[in-house]
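Engineer: In the working numbering, the protein residues as written are 2 to 156.
Where is the CB? At the ideal position from N, CA and C, for every residue including glycine.
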Amino acid sequence: MAKKMNVESFNLDHTKVVAPYVRLVGVTKGPNGDEIYKYDIRFKQPNKDHMEMAGLHSIEHLMAENIRNHMENVVDIGPMGCQTGFYLAVLNHSNYDEILEVLEKTLQDVLNADEVPACNEVQCGWAANHSLEGAKEIADEMLSHRDEWHIVFAE
């Protein structure tokens, strides 16, 4: 067995997961009783597929802006460097099924979008690298597997 690492995802056997899925990574408790719930939202099968950067960049903007319309407790949502998914952190909200509902609504927002928010040089660090159509393709594929999001490992 490999040495236990400090980063939770480094301890995950990426050959055993079956994307797409939504997995609770862990809960961090603050000194005043607050809890941050971190989720692994895996869009693509690790080491087999990945999101193209322009589409990933655009779906990041769209999800970051729109998820907050459906939930007040969002701390952050950001892409994984491996381009296979996102991490979502929420404050004091432990209801997994509600997280799935919020994600579904947010991805529907992506499909209904006419533009990518903050897609300009003032608000974005790489404004030339966006694809609304790429974001919509990623969202559509994820939504097409909605009934499977709770399945993380092959049975």
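Considering just the uninterrupted stretch of the alpha helix (DSSP H) at residue 135, what are its terminal residues?
Structural biologist: 133 to 144
Engineer: Considering only the beta carbon of each residue, do residue 150 and residue 23 sit closer than 8 Å?
Structural biologist: yes
Engineer: Compute the distance between the beta-carbons of residue 144 and residue 114, then report whether it is under 8 Å.
Structural biologist: Cβ distance not < 8 Å, so residue 144 and residue 114 don't count as in contact.
Engineer: Note down, one range per segment and in chain order, each beta strand (DSSP E) of at least 3 residues found wholly within the region 18 to 82.
Structural biologist: Within the region 18 to 82, the beta strand (DSSP E) runs of at least 3 residues that lie entirely inside it are, in chain order, 22 to 30, 36 to 43 and 75 to 80.
Engineer: Can you give the Cα-Cα distance for residue 131 and residue 112, rounded to whole angstroms?
Structural biologist: Straight across, the Cα-Cα distance linking residue 131 with residue 112 is about 15 Å.
Engineer: Would you report the Cα separation of residue 141 and residue 127, rounded to the nearest angstrom?
Structural biologist: Cα to Cα, residue 141 sits roughly 24 Å from residue 127.
Engineer: Closest Cβ-Cβ distance between residue 118 and chain B: below 8 Å?
Structural biologist: In the structure shown, chain B cannot be found, because there is only a single protein chain.
Engineer: Hey, out of 10, 77 and 81, whose CA is closest to residue 90's CA?
Structural biologist: 77
Engineer: Where DSSP assigns a beta bridge to residue 97, which residues make up the other side?
Structural biologist: Paired residue(s): none; residue 97 is not in a bridge.
Engineer: Mind checking which residues open and close the beta strand (DSSP E) that includes residue 87?
Structural biologist: 86 to 92
Engineer: Buried or exposed: where does residue 52 fall if 16 or more other Cβ atoms within 10 Å of its Cβ makes it buried?
Structural biologist: buried
Engineer: Just how far apart, CA to CA, sit residue 102 and residue 70?
Structural biologist: 13 Å
Engineer: Whole angstroms are fine: how far does the CA of residue 122 sit from the CA of residue 40?
Structural biologist: 30 Å
Engineer: What does DSSP give as the partner residues of residue 154 in its beta bridges?
Structural biologist: In DSSP, residue 154 forms a bridge with 18.
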